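A.B. asks: Read in order, the letters of the sequence shown correspond to residues 18 to 85 in my numbering. The beta-carbon is built from N, C-alpha and C at its ideal position, and this holds for glycine as well. Note that the coordinates shown come from a computational prediction; the quantities given were computed from them, not determined experimentally. Structure in structure tokens, see below.
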Amino acid sequence: MRQKRTDGGLVLVGLVLLGIGLYAIFGGQLAFTPIAPREGSGFGGPVATVIGVAFVIGGLYFLRESRR
């Protein structure tokens, strides 16, 4: 039986997505800016939660795919 190999790049992407998603869910604020967040440039409330859940699902998908 072949041993499964882990793709380090997919693990890194998955962990970054998980981190951003959990920050959006628990922080309640998310800003997509190139350098530093400016006043009024982010999403808050339910929109941040929905985006956070999508990022967490994406992160879990990448982590699962890294073992195939």
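Just how far apart, CA to CA, sit Tyr78 and Arg22?
C.D. replies: Translated into the one-based positions of the sequence shown, residue 78 becomes position 61. Translated into the one-based positions of the sequence shown, residue 22 becomes position 5. Rounded to the nearest angstrom, the two C-alpha atoms are 16 Å apart.
A.B. asks: Work out the CA separation of Val30 and Arg81 for me, nearest whole Å.
C.D. replies: If you number the sequence shown from 1, residue 81 lands on position 64. If you number the sequence shown from 1, residue 30 lands on position 13. For Arg81 and Val30, the distance between alpha carbons rounds to 12 Å.
A.B. asks: Determine the direct distance from the alpha carbon of Arg85 to that of Ile37, and round the result to whole angstroms.
C.D. replies: Residue 37 sits at position 20 when you count from the first residue of the sequence shown. Residue 85 sits at position 68 when you count from the first residue of the sequence shown. Going from the Cα of Ile37 to the Cα of Arg85 covers about 24 Å.
A.B. asks: Which partner residues of Gly61 appear in the DSSP bridge assignment?
C.D. replies: For the purposes of this step, residue 61 is taken as the residue at position 44 of the sequence shown. The partner list for Gly61 (beta bridge, DSSP) reads Gln46.
A.B. asks: Taking DSSP as the reference, what is the three-state secondary structure of Ile37?
C.D. replies: Translated into the one-based positions of the sequence shown, residue 37 becomes position 20. DSSP places Ile37 in helix when its eight states are reduced to three.
A.B. asks: Taking the alpha carbon of Phe60 as the point to measure from, which residue in Val33, Leu32, Tyr40, Gly25 has its own alpha carbon closest?
C.D. replies: In the sequence shown, counting from the first residue as 1, residue 60 sits at position 43. Taking only the C-alpha atoms, the option nearest Phe60 is Tyr40.
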